[in-house]
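Quick notes on the structure that follows.
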Amino acid sequence: MKSIFSPIYWAFFTALSLVGTFAQSADKATPPERFFPIYNYQNDWLVYNSQYKNYVPFSQGVNEGARFVSLYIDLVKNRRYSLLLNADNESYLFLEGALQNKISAGQWQQLNIDSLHKIYKKDELLLTIYGSPGIGDKSVLLCNEKKLNEKGITANTSSNFINIKPISFSPFGNFAAIALVIMLILNAWIFNLNPLSFIRLINPIEFFNNDPRDQLSKINKPYSNTVIFFVIISSMMMSFLVLFFTANKLNLFSVSTILSEKSNTIQVLGDFSMLTLIFFLLIYAKYICMVLAGNMLNLDKQVDIIFIKIVQSSYLFYAAVFLLVFTLGFNHINWLDGIRSYILLPFMFFYIARFLALYVVTKPPGALINLYLFSYLCVIEIIPLIVSIKFAL
């Protein structure tokens, strides 16, 4: 009797052969010959999840319809290497949310890691490709270049970047508009409360008025309503500038350690209120120290005059800086990166100029008292300035 195992064996072998014919192995991206592949990012694709407001790993069964897929590229770890990008269908390349160029179908493109690190000055870069759904037609390889001048490679440098950067709407923008409205309301309220004092306090000429018969301090005491609200508004403008610098990664006085993560406008307003209170208390703590130092140097009659002029000059200076920063930020002008290293210079010039101006406009008769006044101004102006600069950065 003929064994039945032989037909079963041949049937199984035939079926296995047919399945093997239609089976497709995983696509393996092959770069041009002059590049040696080091790492394939095919398993590192990410998609943005609106529920978690963050990037999550690409899932085949869930995200197959996603047209935007992203990668995080370590620019420090991968120095001296190149990224090669390829897409079977026409796609578009975004770096850090900014459109860079078009990826032609079937054509490899090269991105130099060192150049990207120099341009973006970041340790990690977000790379996004927009094209057909899914990741099957997209390849990103980390490669080492063996030689130059290979045809078929499109080198991407900063010179041909389209660099269409989308306008980002952050909680800070909403907060800035709210802060401006609050300060305008307070200014209008002070003007209605005491229009004569308000007009004189915002008049720069009044700062240089040293007529003893017509001093602002005679009608405005440091603890009067008008002066208190001027201090509050000045504290608000100082707080706004600190938050603006912190939002742009310029952490003066390490203030970010006491701030929230600022994920929404309410939290930014909370930080704003806290910093305003801190600046307000510091200004009046300075006034108390001024009174104590003035009594020791027999300059108690000059304390109120100097404090009013300090409040007046601070209000005018910070109002000008606030309006400048608000206008440039509102128009999305990228001006801070170019002057990041010199950001404290305008504040230094202001405080030094105010020190000299205070000595001139409040100069009393008598050489000995002049020496006292100079020492007094050094204590309340120059020494705090030196200490502040030391700890600001």
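First residue of the sequence shown: 48, per the working numbering; consecutive thereafter. Heads up, the beta-carbon is just placed ideally off N, CA and C, and yes, glycines get one too.
K193 versus Y139 - alpha carbon distance
27 Å
Short Cβ contact (8 Å threshold) for I436 with L403
no
Could you give the residue range of the alpha helix (DSSP H) that holds D91?
Element bounds for D91: n/a, residue is neither H nor E.
From this set, K165, Q98 and S106, which residue's C-alpha is nearest S117's C-alpha?
S106
Proximity winner among V123, Y88, A226 and R401, relative to F373 (alpha-carbon distances):
A226
Between the alpha carbons of S179 and M230, how many angstroms are there, rounded?
49 Å
Comparing C-alpha positions only, which one of K100, W155, D351 and L324 sits nearest to N311?
K100
Beta-carbon proximity list for V434, same chain, < 8 Å, skipping 5 on both sides:
none
Please state the DSSP three-state secondary structure of V116.
strand
Going by Cα to Cα distance, which pick from I166, D121 and I176 is closest to S151?
Closest in alpha carbon position to S151, among I166, D121 and I176, is I176.
Which two residues bound the contiguous beta strand (DSSP E) that contains A145?
A145 to I150
For R387 and P78, the rounded distance between their alpha carbons:
P78 and R387: Cα-Cα distance of roughly 41 Å.
Measure the beta-carbon distance from Y398 to E428 and round it to whole angstroms, keeping in mind my assumption that it falls under 8 Å.
6 Å
Confirm, please, whether the CB-CB distance from I266 to N234 is below 8 Å.
no
Unbroken beta strand (DSSP E) run spanning Q156, endpoints
W155 to N159
Are L122 and I182 close, meaning C-beta to C-beta below 8 Å?
no
Is it a yes or a no for the stretch 346-355 touching the stretch 287-298, going by three-plus beta-carbon pairs under 8 Å?
no
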